[in-house]
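Peer 1: What follows is a single structure, and I will ask about it in a moment.
Chains as they are written, first to last, in the working numbering: chain A, 160 to 656; chain B, 131 to 240.
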């Protein structure tokens, strides 16, 4: 075991320690915010380093906690997929903290705001990195509780209701997951994901296998707000404070995507065709339903929340096609969507902070953008990226997805998502036109200063960079997809021998 | 004994789900709590049938599986925290709307 193997725990330990230390600083809010930012930048640097290291060597980093060997103790496995998602999460969280530092909301002056932000990223990174199903449940629960508290203290007067709704359905989801864990343990006697994968591949006739698959799928569907379990998501993401909703709607929903990728490429490889078929149908329903709802809604943040529903649908279609090319496209799509959605929600929050009444409802923000052409340019680029037009990274992800669909000869689903992606253009450009082009409905006063635009500007910059210089990310996704195609390598790396 | 445990867990599941589907917002939380206990019992039952001696002891006979007990301990603690938190949010909501009828808690619809 070398130093690098131990380092894989750092993306979890750094934010967690940071959260505890930030609690000590609760009376010095400015120092606390700066401290949280430093901690997250440090953690991001470490996870980028780990990702680069794993990408170079091609071998995952396996950390054996407490010295208990693989099937008995809890292992943390940093393979390309996990570290890619961890890096993406921490990148977006860094911009979220920057946005919160420049935000005018009263919620960012809540003493535990930044500690909760850091526990949120702890939970998410832990859920991505763990190699143990029960440990994933624990980290997911930490994530849910942090996200709920952050929304419950929101400036929005319906924050508590939205948080209650989310927490209720998330508790249900965690019971589903516990049920799946119990079923798998009763059938196979292990919870280590690598060991479980090996045993399921050896004997897939257990009676409780399919219930476990169904419950795990339901869990991840709730986490990702996939179609039949989506109803909490628009309320929750619209009521959360802007800095938080930008995180929830971009990276937190990716936990389900990660779960589906692990299910189809590692745990249930033999059962994967059925799972993929279901995901494909749910993805297409999500794209159409999310797109139509986003057009019909009356609030910018809500529109973007519905748009997440549609974009997760695109990712699920990629996972559902399941060819190496399609998985690569889904990974690129997931990464790019995180950046785009975080930037768009921050811009929506910025507009709301300039409006006379702090609200993102269309009838209040109409025309507000006329005073801020700079934010208009950013929003326009973001809208292009959401709709998948060049020169943005959204174009790259849509291109790769359609290309993989042609390659897999799935023309019917390709046609449907091609037509449905026009919906994205309608609502994204429509919102731009209402906020920046139309005259205000009535002469309201626009506040002279709102939230700071540094964080969305950073993200939009990244969107353009990744749109023009897409090769490194695409190459990384390609290698990740090739690595996912060979579950035995994962099993061998964790169990040894 | 196994049949009794299984039917008890099944009954708890049924009661929990029935209460969750009620319109009363407080009953639905009680349903969630009952469901939490049903799941915890189910988790415990996955290892309850193997061996009667405590693990890590020198006693003869089959040792019991310690893992489900550790799992259920963690799950109980987490669901307790979740219950406390959801009840506190329920308190805020019910004192704001002065009702327990789910249809009248409609702030988000506007």
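Backbone N, C-alpha and C define an ideal beta-carbon position, used for all residues, glycine too.
#1: Give the range of the alpha helix (DSSP H) segment to which residue 235 of chain A is assigned.
#2: Please report the distance separating the alpha-carbon of residue 573 of chain A from that of residue 446 of chain A.
#3: Which value, in whole angstroms, describes the spacing of the CA atoms of residue 641 of chain A and residue 483 of chain A?
#4: Label residue 200 of chain B either buried or exposed according to how many other C-beta atoms from any shown protein chain fall within 10 Å of its C-beta, with 16 as the threshold for buried.
#5: Taking 8 angstroms as the threshold (C-beta atoms), are residue 269 of chain A and residue 195 of chain A in contact?
#6: Would you decide whether residue 189 of chain A is buried or exposed? Buried here means 16 or more other CB atoms lie within 10 Å of its CB.
#7: With distances taken Cα to Cα, identify the nearest neighbour of residue 297 of chain A among A:334, A:364 and A:323.
#8: With a threshold of 7 angstroms on Cβ separation, who are the neighbours of residue 525 of chain A within its own chain once the five nearest residues in sequence on each side are excluded?
#9: Residue 212 of chain B: which of A:332, A:171, A:193 and A:170 sits nearest, CA to CA?
#10: Between which residues of its own chain and residue 521 of chain A is the CB-CB distance below 7 angstroms, once the five residues before and five after are set aside?
#11: According to DSSP, what are the bridge partners of residue 234 of chain B?
#12: Which of the three DSSP states, helix, strand or coil, is assigned to residue 160 of chain A?
#13: Would residue 674 of chain A pass as a contact of residue 341 of chain A if the rule is Cβ separation under 8 angstroms?
#14: Residue 223 of chain A lies in the alpha helix (DSSP H); which residues open and close that run?
#15: Mind checking whether the beta-carbon of residue 207 of chain B lies closer than 7 angstroms to any heavy atom of the ligand PLP?
#16: Candidates A:168, A:208, A:478 and A:648: which alpha carbon is nearest residue 492 of chain A's?
#17: Indicate whether the contact test is met: 3 or more Cβ pairs, each with one atom in the region 397-404 of chain A and one in the region 251-261 of chain A, closer than 8 angstroms.
#18: Assuming contact is defined by CB atoms lying nearer than 8 angstroms, are residue 542 of chain A and residue 618 of chain A in contact in what I supplied?
#19: Hey, which unbroken runs of the alpha helix (DSSP H) at 4 residues or more fall wholly within the region 362-438 of chain A?
#20: In angstroms, rounded to a whole number, what distance separates the CA positions of residue 251 of chain A and residue 498 of chain A?
#21: Determine, using beta carbons only, whether residue 625 of chain A and residue 495 of chain A come nearer to each other than 8 angstroms.
#22: Measuring only the C-alpha atoms, how far is residue 509 of chain A from residue 410 of chain A?
#23: Whose Cβ in chain A lies nearer than 7 angstroms to the Cβ of residue 222 of chain B?
#24: Might you give, ordered along the chain, the residues of its own chain that have their beta carbon closer than 6 angstroms to the beta carbon of residue 285 of chain A, omitting 5 neighbours on each side?
#25: So with Cβ pairs under 8 angstroms, would you call residue 297 of chain A a contact of chain B?
#26: Grab the span of the alpha helix (DSSP H) containing residue 231 of chain A for me, first residue to last.
#27: Any residues in the region 148-182 of chain B with a beta carbon nearer than 7 angstroms to a beta carbon of chain A? Which ones, in chain order?
#28: Mapping DSSP to helix, strand and coil, what is residue 289 of chain A?
#29: Would residue 547 of chain A pass as an interface residue toward chain B - the criterion being a Cβ-Cβ separation below 8 angstroms?
#30: Verify whether the separation of the beta carbon atoms of residue 167 of chain A and residue 209 of chain A is less than 8 angstroms.
#31: Contact between the region 362-377 of chain A and the region 207-222 of chain A: three or more CB pairs below 8 angstroms?
#32: Residue 516 of chain A and residue 234 of chain A - do their beta-carbons sit closer together than 8 angstroms?
#33: Considering Cα atoms alone, identify which of A:396, A:475 and A:395 is closest to residue 422 of chain A.
#34: Curious, which full-length alpha helix (DSSP H) runs of at least 4 residues does the region 480-568 of chain A contain?
#35: Just to confirm, are residue 302 of chain A and residue 245 of chain A a CB contact at a threshold of 8 angstroms?
Peer 2: If we stick to the structure as given:
#1: In the first chain, residue 235 of chain A corresponds to position 76, counting from 1. No alpha helix (DSSP H) holds residue 235 of chain A; the beta strand (DSSP E) holding it covers 234-237.
#2: Reading the first chain from its first residue, position 414 is the one you call residue 573 of chain A. Reading the first chain from its first residue, position 287 is the one you call residue 446 of chain A. About 12 angstroms.
#3: Taking the first residue of the first chain as position 1, residue 641 of chain A is located at position 482. Taking the first residue of the first chain as position 1, residue 483 of chain A is located at position 324. Those two C-alpha atoms are separated by around 7 angstroms.
#4: Here residue 200 of chain B is taken as the residue at index 70 of the second chain, counted from 1. Residue 200 of chain B is exposed by the Cβ-count criterion.
#5: Taking the first chain and counting its residues from 1, the one referred to as residue 195 of chain A is at position 36. Taking the first chain and counting its residues from 1, the one referred to as residue 269 of chain A is at position 110. Taking 8 angstroms as the Cβ cut-off, residue 195 of chain A and residue 269 of chain A do not qualify as a contacting pair.
#6: In the first chain, the residue the question calls residue 189 of chain A occupies position 30. Exposed.
#7: Locating residue 297 of chain A in the first chain gives position 138, counting from the first residue. Considering only alpha carbons, the answer is A:334.
#8: Along the first chain, read from residue 1 onward, the residue named residue 525 of chain A stands at position 366. The answer, listed in chain order, is 593, 594, 597, 599 and 600.
#9: What you label residue 212 of chain B is simply residue 82 of the second chain in a count that begins at 1. The shortest Cα separation from residue 212 of chain B among A:332, A:171, A:193 and A:170 belongs to A:332.
#10: Translated into positions along the first chain, residue 521 of chain A becomes position 362. Around residue 521 of chain A: 457, 458, 459 and 593.
#11: Here residue 234 of chain B is taken as the residue at index 104 of the second chain, counted from 1. DSSP output for residue 234 of chain B lists no bridge partner at all.
#12: As a position in the first chain, residue 160 of chain A is number 1, starting the count at 1. Note that residue 160 of chain A scores 44 on pLDDT, short of 50, meaning its location in the model is unreliable; the coordinates nonetheless yield the value given after this. It is coil, neither helix nor strand.
#13: With chain A covering 160 to 656 only, the question about residue 674 of chain A has no answer from this structure.
#14: By one-based count along the first chain, residue 223 of chain A stands at place 64. Looking at the DSSP string, residue 223 of chain A is not in any alpha helix (DSSP H); the run it does join, the beta strand (DSSP E), is 220-223.
#15: As presented, the structure is devoid of all ligands, the ligand PLP included, so that no description of it is given.
#16: Counting from 1 along the first chain, the entry for residue 492 of chain A is found at position 333. Selected option, being the one with the closest Cα: A:478.
#17: yes
#18: Counted from its first residue, the first chain places residue 542 of chain A at position 383. Counted from its first residue, the first chain places residue 618 of chain A at position 459. It is not a contact, given that the beta carbons lie outside the stated cut-off.
#19: Taken in chain order, the complete alpha helix (DSSP H) segments of 4 or more residues contained in the region 362-438 of chain A are 368-383, 392-398, 401-406 and 413-421.
#20: In the first chain, the residue the question calls residue 251 of chain A occupies position 92. In the first chain, the residue the question calls residue 498 of chain A occupies position 339. Their backbone Cα atoms lie some 7 angstroms apart in a straight line.
#21: In the first chain, residue 625 of chain A corresponds to position 466, counting from 1. In the first chain, residue 495 of chain A corresponds to position 336, counting from 1. For residue 625 of chain A and residue 495 of chain A, yes; Cβs fall inside 8 angstroms.
#22: The residue you call residue 509 of chain A lines up with position 350 of the first chain. The residue you call residue 410 of chain A lines up with position 251 of the first chain. The alpha-carbon atoms of residue 509 of chain A and residue 410 of chain A are separated by roughly 20 angstroms.
#23: Here residue 222 of chain B refers to the residue found at position 92 when the second chain is read from its first residue. Those are 319, listed as they occur along chain A.
#24: Here residue 285 of chain A is taken as the residue at index 126 of the first chain, counted from 1. Only 171 and 298 meet the Cβ criterion.
#25: Within the first chain, numbered from 1, the residue matching residue 297 of chain A stands at position 138. Chain B contact via Cβ: present.
#26: Residue 231 of chain A sits at position 72 when you count from the first residue of the first chain. Element bounds for residue 231 of chain A: n/a, residue is neither H nor E.
#27: 162, 165, 166, 169, 172, 173 and 176
#28: Within the first chain, the letter at position 130 stands for residue 289 of chain A. Residue 289 of chain A falls in the strand class under three-state DSSP.
#29: Numbered from 1 along the first chain, position 388 holds the residue referred to as residue 547 of chain A. At a cut-off of 8 angstroms between beta-carbon atoms, residue 547 of chain A makes no contact with chain B.
#30: Taking the first chain and counting its residues from 1, the one referred to as residue 167 of chain A is at position 8. Taking the first chain and counting its residues from 1, the one referred to as residue 209 of chain A is at position 50. Cβ atoms of residue 167 of chain A and residue 209 of chain A: closer than 8 angstroms.
#31: In short, these stretches do not touch, since the Cβ pair count stays below three.
#32: Walking along the first chain from the start, residue 234 of chain A turns up at place 75. Walking along the first chain from the start, residue 516 of chain A turns up at place 357. It is not a contact, given that the beta carbons lie outside the stated cut-off.
#33: Position 263 of the first chain, counted from the start, is the residue given in the question as residue 422 of chain A. It is A:475 whose Cα lies nearest to the Cα of residue 422 of chain A.
#34: Complete alpha helix (DSSP H) runs here, min 4: 483-513, 521-524, 532-546 and 552-566.
#35: Here residue 302 of chain A is taken as the residue at index 143 of the first chain, counted from 1. Here residue 245 of chain A is taken as the residue at index 86 of the first chain, counted from 1. Going by C-beta atoms, residue 302 of chain A is not nearer than 8 angstroms to residue 245 of chain A.
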